[in-house]
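K.L.:
First the structure, which I've put down as structure tokens, then a few questions once you've had a look.
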Amino acid sequence: MFALEVRNLSKSFGSLKAVDDVSFAVPEGSVFGLIGRNGAGKTTTIRMMMNIYLPDSGEVILKGSKIGQEFKNMVGYLPEERGLYKKMSVLETLLFFAELKGKTGKSIERKANEYLERFELSDRKNAKVEDLSKGNQQKVQFITTIIHDPEFIILDEPFSGLDPINTNLLKEIILDLKKQGKVIIFSTHLMDFAERMCDHITMIDKGKVILNGSMTEIKSKYAQQNVSINYRGDISFLNGNPIIEKIEDYGNSTGIKVKQPDQVQELLKALVENNITITKFNANEISLQEIFVGLAGGEIEGASKLEVKNV
Amino acid sequence: MFNRRTLSIIKRELREKVLSRGFVLMTLLVPFLFIGLILFQMYLMSYDSNATASLEIISGSEQITSAAQKEFSSLPVVESGSYKISYATMSKEKFDASLPSLQNELMGEKLTGLIYIPDSAVNDKRIDYYSKNPNNNSLFDKLKGSLNKILVNIHFAGKELSDKEISYATKAVDFNGFRISGSKNIKAEGQGNQALSFIFTFLLYLSLIFSGTMIMRSVLQEKNNKIVEVLLSSVDSKELMTGKILGAGITGIAQMAIWLLPLIMIISTSWFVLPKDFTIDITLFQVFYVLLNFFIGLITFLGLFATVGSIFDNDQDAQSSMWPLMMLILIPFYIAISIQNNPEGMIGMVASMFPFAAIIVMPARMALVDIPVWQFVLAVVVNIATMVGIFPLAGKIYRVGILMSGKKPKWNEVVRWLKYKY
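Chains W and P supply the protein sequences, listed in that same order.
According to my numbering, the first sequence is numbered sequentially starting from 1.
According to my numbering, the second sequence is numbered sequentially starting from 1001.
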């Protein structure tokens, strides 16, 4: 059962096709990752899901019907570009954002106080937002995202600009919400975060979907011919070897792809015979990063030429 | 467009604005500013009347000299010692010859001016004035009446006219203004309505600029603080824009109502008695018309200013690009001031029913002349039509603009935004 379906979304800005026929489905109760480098079209896709942009074509379906205001009310959205009214007090801020979602009254005020307690901000609830530290402002921002008890949580590059403490805090929140059965959708260009947190992913590059599915399926599919090794010595003899499809250096590990799944043992043998000291040999293991590089080419961290920021 | 989310935004805007120090100060200070301006003007006028001068009056005959001596000695400025006048008698030829020797005195501080009254003045009233500043109107105004009287007295001396007749001949014409209006009795008019016209013009101008820049800043701030996308996850851009504009509009109209409160009290109660020359002829209905007319105009301008705020992402760019809007306020402002001289003129009449201009010019004109009902109605219709015409465009630009950042967009790009499917 899908909680949310994105069907054939496209969006252009002038001559630039930011999102090109993107489709995916978000299963109930999942942590869903929308993955791609900066400028791949993640934010534009999410903005269309949030009804902030109208798609040129395509639609977003929630339980059988097109999304509208009622969807906005059940979503907690944390955009990449985020901020708060500097002159408002912390409590006022929380109540205002809850009010926009249609939640008012004593119960929401109690909830705001609970969250402030949990995030150790109780003593600052009457302080102006501008007087808080940046880390505490981020905490207030998290609370505004979830205070109305949303069914869906959509986070666009949630970890950008967070300090380590808040990064952990946000991870805890996400896992906590997952336990409560909420659907969490987040976009990120950080592959290792996605890898650790997501059950399902959709990978997009240059506005197009290049990979789609559950994390375990994807991994087992791409892992069969892949070996990740750490070693000392010179492996240049492998270049041109008929069993090798390609070798990629990822810095702290090297990924080797063999042509057939059953050639993994042959590779190990060849390495040992050539006196290479193996410190780690991980067969059938592939990182999301490796899959992405294999599919999209180039470095994930590098800024794309097709940078479409905030359009 | 209007729902509980819009209401939440309006509430927040009001909390932020009405409780802000700037708003309270502005609202309270403007009336004081007015009183201050009037006092300052009065001071300037009294300063001017205290100006000292030392004059020499030289006339072609003893008869004129002694008449002048007698007449000027009772002049208030001479009695108070501000003007010091010395007298001499000299024929025209002798005066012309001695003029070069007086040049130094006139160039220095000692002598302000030299008045020569030739004998011929008794028949043609032409006299000469020599000074560094030969066009000193305030000095002329003070002496004119007395000089006229002296010359007329001598001219008619021995012609068997009574003092009464001569005093009539020397009297200046006094215009007494009466306002003619459709229904009311004909009433003598003081300067009250002229002052009122100026006050309307000034307050409307001030409030449009003040509220306009305030909403522009507020939109810019939401963009800069990156709140806008957080807001858009709960409300759509139309609700946001409507809420912000209505919030600022209510603030503006409340401020205007507070400013006009003294006027409303003067009309509807007998607590205040204005000096006879400053009585105000205006009805309560007209004051409410001013408020209504202003509210429609304010909403229109707030929409435009909010749009400008949404296009740019820093104060400087926005400030330097809002001149077309400032023109839409400044030109009507100048028209409204200029119609004080001739409120029935073509420009004033057209401007009082012209898009944008009607907001300021109609109230200014209304205070000066009686306006037919159809013109009142037309001005409101034009204002509403302007508002209705502008909002779809403003809303589209706003919707695109608030999520744009980065380099300053060009105007043709902004026009292209209108075609975006957002």
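Each residue gets a CB set at the ideal place from its N, CA and C atoms; glycine is no exception.
Predicted model, so just to flag it, every value in this text is computed and none were measured.
(1) Look at the alpha carbon of residue 95 (chain W) and the alpha carbon of residue 103 (chain W), and state the distance between them as a whole number of angstroms.
(2) What residues of chain W sit near residue 1014 (chain P), judged by a beta carbon separation below 7 Å?
(3) On the CB-based measure, 16 or more other CB atoms within 10 Å of its CB, does residue 1229 (chain P) come out buried or exposed?
(4) Spatial neighbours of residue 1415 (chain P) within its chain, please: CB distance less than 7 Å, with the 5 preceding and 5 following residues excluded, ordered by chain position.
(5) Please give the ranges of any beta strand (DSSP E) in the segment 1037 to 1113 of chain P, keeping only runs that are unbroken, at least 3 residues long and fully inside the region.
(6) Which one of P:1292, P:1259, P:1388, P:1347 has the shortest CA to CA distance from residue 1304 (chain P)?
(7) Identify the contact partners of residue 116 (chain W) in chain P, using a Cβ-Cβ distance below 9 Å as the criterion.
(8) By how many angstroms is the C-alpha of residue 1204 (chain P) removed from the C-alpha of residue 1223 (chain P)?
(9) Between which two residues does the alpha helix (DSSP H) harbouring residue 117 (chain W) extend?
(10) Of all Cβ atoms in chain P, is any one closer than 7 Å to the Cβ of residue 170 (chain W)?
(11) Under 8 Å by Cβ, that's how I've got residue 1360 (chain P) and residue 1324 (chain P) pegged, so tell me the actual separation to the nearest angstrom.
(12) Quick check on the DSSP output: the beta strand (DSSP E) that includes residue 37 (chain W) runs from which residue to which?
(13) Does the beta carbon of residue 196 (chain W) sit closer than 7 Å to a beta carbon anywhere in chain P?
(14) Find the residues of chain W that neighbour residue 1232 (chain P), judging by a C-beta separation of less than 8 Å, and give them in chain order.
(15) Between residue 1006 (chain P) and the rest of its own chain, which residues show a CB-CB distance below 6 Å, the 5 nearest in sequence each way excluded?
(16) So the candidates are W:78, W:208, W:69; which of them puts its Cα closest to the Cα of residue 10 (chain W)?
(17) Note down, in chain order, every chain W residue with its Cβ under 7 Å from the Cβ of residue 953 (chain P).
(18) I want to see whether chain P comes within less than 7 Å of residue 79 (chain W), judged by CB atoms only; does it?
(19) At a Cβ threshold of 7 Å, is residue 1227 (chain P) touching chain W?
(20) Over what stretch of residues does the alpha helix (DSSP H) that includes residue 1201 (chain P) continue unbroken?
(21) Where do the ends of the beta strand (DSSP E) carrying residue 11 (chain W) lie?
(22) Listing by chain order, which chain P residues have their CB less than 7 Å from the CB of residue 86 (chain W)?
(23) Kindly give me the distance between the Cβ atoms of residue 258 (chain W) and residue 244 (chain W), rounded to whole angstroms, as I take these residues to be in contact under 8 Å.
(24) Throw me the rounded Cβ distance for the residue 1383 (chain P) and residue 1358 (chain P) pair, which I believe falls under 8 Å.
(25) Taking 7 Å as the threshold (beta carbon to beta carbon), is residue 68 (chain W) in contact with chain P?
(26) Residue 1008 (chain P) versus chain W: which residues are under 8 Å apart at the beta carbon?
(27) Could you work out which residues of chain P lie near residue 39 (chain W), taking near to mean beta carbons separated by less than 8 Å?
(28) Please classify residue 72 (chain W): is it buried, with 16 or more other beta-carbons within 10 angstroms of its beta-carbon, or exposed?
(29) Please compile the residues from chain P whose C-beta is within a distance smaller than 9 Å of the C-beta of residue 7 (chain W).
(30) Pairing CB atoms from the segment 139 to 146 of chain W with CB atoms from the segment 79 to 97 of chain W, are three or more of them under 8 Å?
(31) I'd like to know whether the C-beta of residue 1005 (chain P) is nearer than 7 Å to at least one C-beta of chain B.
(32) List the endpoints of the continuous beta strand (DSSP E) containing residue 60 (chain W).
(33) Can you list, in chain order, the stretches of the alpha helix (DSSP H) that have 4 or more residues and sit fully within the segment 182 to 250 of chain W?
(34) Using beta-carbon positions only, say whether residue 1256 (chain P) and residue 1288 (chain P) come within less than 7 Å of one another.
(35) DSSP beta-bridge partners for residue 283 (chain W)?
(36) For residue 30 (chain W), is the classification buried or exposed, using 16 other Cβ atoms within 10 angstroms of its Cβ as the cut-off for buried?
P.N.:
Quick answer:
(1) One-based indexing of the first sequence puts residue 95 (chain W) at position 95. One-based indexing of the first sequence puts residue 103 (chain W) at position 103. Distance between the alpha carbons of residue 95 (chain W) and residue 103 (chain W): 8 Å.
(2) Here residue 1014 (chain P) refers to the residue found at position 14 of the second sequence. What residue 1014 (chain P) touches in chain W, judged by beta-carbon distance under 7 Å, is nothing: the nearest beta carbon there is about 13 Å away.
(3) The sequence position of residue 1229 (chain P) within the second sequence is 229, counting from 1. Result: buried.
(4) One-based indexing of the second sequence puts residue 1415 (chain P) at position 415. The answer is none, since no qualifying residue turns up.
(5) As far as the segment 1037 to 1113 of chain P is concerned, its whole beta strand (DSSP E) runs of at least 3 residues are 1053 to 1059, 1083 to 1089.
(6) Numbered from 1 along the second sequence, position 304 holds the residue referred to as residue 1304 (chain P). If we check each option's Cα against that of residue 1304 (chain P), P:1388 comes out closest.
(7) For this step, residue 116 (chain W) is matched to residue 116 along the first sequence. None at all; the shortest Cβ gap to chain P is about 18 Å.
(8) By one-based count along the second sequence, residue 1223 (chain P) stands at place 223. By one-based count along the second sequence, residue 1204 (chain P) stands at place 204. A direct Cα-to-Cα measurement between residue 1223 (chain P) and residue 1204 (chain P) gives close to 29 Å.
(9) Start at 1 with the first residue of the first sequence, and residue 117 (chain W) comes out as number 117. In the DSSP assignment, residue 117 (chain W) falls within the unbroken alpha helix (DSSP H) covering 106 to 118.
(10) As a working note, residue 170 (chain W) is residue 170 in the first sequence. Among the CB atoms of chain P, none fall inside 7 Å of the CB of residue 170 (chain W).
(11) As a first step, residue 1360 (chain P) must be located in the second sequence, where it is residue number 360. As a first step, residue 1324 (chain P) must be located in the second sequence, where it is residue number 324. About 17 Å; that fails the 8 Å criterion.
(12) Counted from its first residue, the first sequence places residue 37 (chain W) at position 37. Looking at the DSSP string, residue 37 (chain W) is not in any beta strand (DSSP E), and its letter there is neither H nor E.
(13) By one-based count along the first sequence, residue 196 (chain W) stands at place 196. Output row for residue 196 (chain W): interface = no.
(14) Indexing the second sequence from 1 puts residue 1232 (chain P) at position 232. Correct list: 50, 52.
(15) By 1-based counting over the second sequence, the position of residue 1006 (chain P) is 6. Around residue 1006 (chain P): 1239, 1242, 1243.
(16) By one-based count along the first sequence, residue 10 (chain W) stands at place 10. Of the candidates W:78, W:208, W:69, the one whose C-alpha sits nearest the C-alpha of residue 10 (chain W) is W:208.
(17) With chain P covering 1001 to 1422 only, the question about residue 953 (chain P) has no answer from this structure.
(18) As a working note, residue 79 (chain W) is residue 79 in the first sequence. By this cut-off, residue 79 (chain W) is an interface position.
(19) Position 227 of the second sequence holds residue 1227 (chain P). Closer than 7 Å: yes.
(20) Along the second sequence, read from residue 1 onward, the residue named residue 1201 (chain P) stands at position 201. Where residue 1201 (chain P) is concerned, the enclosing alpha helix (DSSP H) stretches over 1192 to 1224.
(21) Locating residue 11 (chain W) in the first sequence gives position 11, where the first residue counts as 1. Its beta strand (DSSP E) spans residues 2 to 13.
(22) Reading the first sequence from its first residue, position 86 is the one you call residue 86 (chain W). What residue 86 (chain W) touches in chain P: 1225.
(23) The residue given as residue 258 (chain W) occupies position 258 in the first sequence. The residue given as residue 244 (chain W) occupies position 244 in the first sequence. Confirmed, Cβ separation roughly 6 Å.
(24) Stepping through the second sequence from its first residue, residue 1383 (chain P) is reached at position 383. Stepping through the second sequence from its first residue, residue 1358 (chain P) is reached at position 358. Right, their Cβ atoms sit about 6 Å apart.
(25) For the purposes of this step, residue 68 (chain W) is taken as residue 68 along the first sequence, with counting starting at 1. Using beta-carbon distances, residue 68 (chain W) does not count as an interface residue toward chain P, since no partner is under 7 Å.
(26) On the second sequence, position 8 is the one that residue 1008 (chain P) refers to. Near residue 1008 (chain P) (Cβ distances below 8 Å), the residues of chain W are 96, 99, 100.
(27) Your numbering for residue 39 (chain W) matches position 39 in the first sequence. At a C-beta separation below 8 Å, residue 39 (chain W) has no neighbours in chain P, since its nearest C-beta there lies roughly 13 Å away.
(28) Counting from one through the first sequence, the residue named residue 72 (chain W) turns up at place 72. Buried is the call here.
(29) Counted from its first residue, the first sequence places residue 7 (chain W) at position 7. Close to residue 7 (chain W), with beta-carbon spacing below 9 Å, lies no residue of chain P; the smallest spacing is near 17 Å.
(30) Counting C-beta pairs with one atom in each stretch, the segment 139 to 146 of chain W and the segment 79 to 97 of chain W have three or more that are closer than 8 Å, which means they touch.
(31) Reference to chain B is not applicable here, since the protein chains of this structure are W and P.
(32) Translated into the one-based positions of the first sequence, residue 60 (chain W) becomes position 60. Counted as a single uninterrupted DSSP element, the beta strand (DSSP E) harbouring residue 60 (chain W) occupies residues 57 to 62.
(33) For the segment 182 to 250 of chain W, whole alpha helix (DSSP H) runs of length 4 or above, ordered along the chain, are 191 to 197, 215 to 223.
(34) Mapped onto the second sequence, residue 1256 (chain P) falls at position 256. Mapped onto the second sequence, residue 1288 (chain P) falls at position 288. In this structure, residue 1256 (chain P) sits away from residue 1288 (chain P), with a CB-CB distance that is not shorter than 7 Å.
(35) Locating residue 283 (chain W) in the first sequence gives position 283, counting from the first residue. When DSSP reads this structure, residue 283 (chain W) sits in a beta bridge with W:227.
(36) To locate residue 30 (chain W), count along the first sequence from 1; it is residue 30. Classification of residue 30 (chain W): buried, given that the 10 Å Cβ count is 16 or more.
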